[in-house]
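Q:
Residue numbers (full-length UniProt numbering): 1 to 94.
1. Whose C-beta lies closer than 7 Å to the C-beta of residue 132 among residues of the same chain, with five residues either side of it excluded?
2. In this structure, how does DSSP classify residue 52 when only helix, strand and coil are distinguished?
3. What is the DSSP secondary structure of residue 86, counted as helix, strand or coil?
4. When you compare only the Cα positions, how much space is there between residue 74 and residue 65?
5. From the DSSP output, in three-state form, read off residue 67 for me.
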């Protein structure tokens, strides 16, 4: 039974890694958010998660990186359009 529990946790973690990032959810804005709303949400999240405010917190550091990436995509008109049409994979490496 212990092995089954470990396998379940590992497969759940793998699914979370494979799940596409919802950039709007990450910034806590709607899909119809304006550039101004996206920037404001980004600044609030970045301030909250900044490594200087959370020394040694690896989770906050990872979220900070994701928030920065979300802002880089959603604040760029072309990348946002690509993301909205085709999803995260279409802009992940741009």
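C-beta atoms are modelled at their ideal positions from N, C-alpha and C, and glycine is treated no differently.
A: Quick look at the numbers:
1. Absent from the structure is residue 132, since the part of the chain shown begins at 1 and ends at 94.
2. Coil, per DSSP.
3. Residue 86 falls in the helix class under three-state DSSP.
4. 14 Å
5. helix
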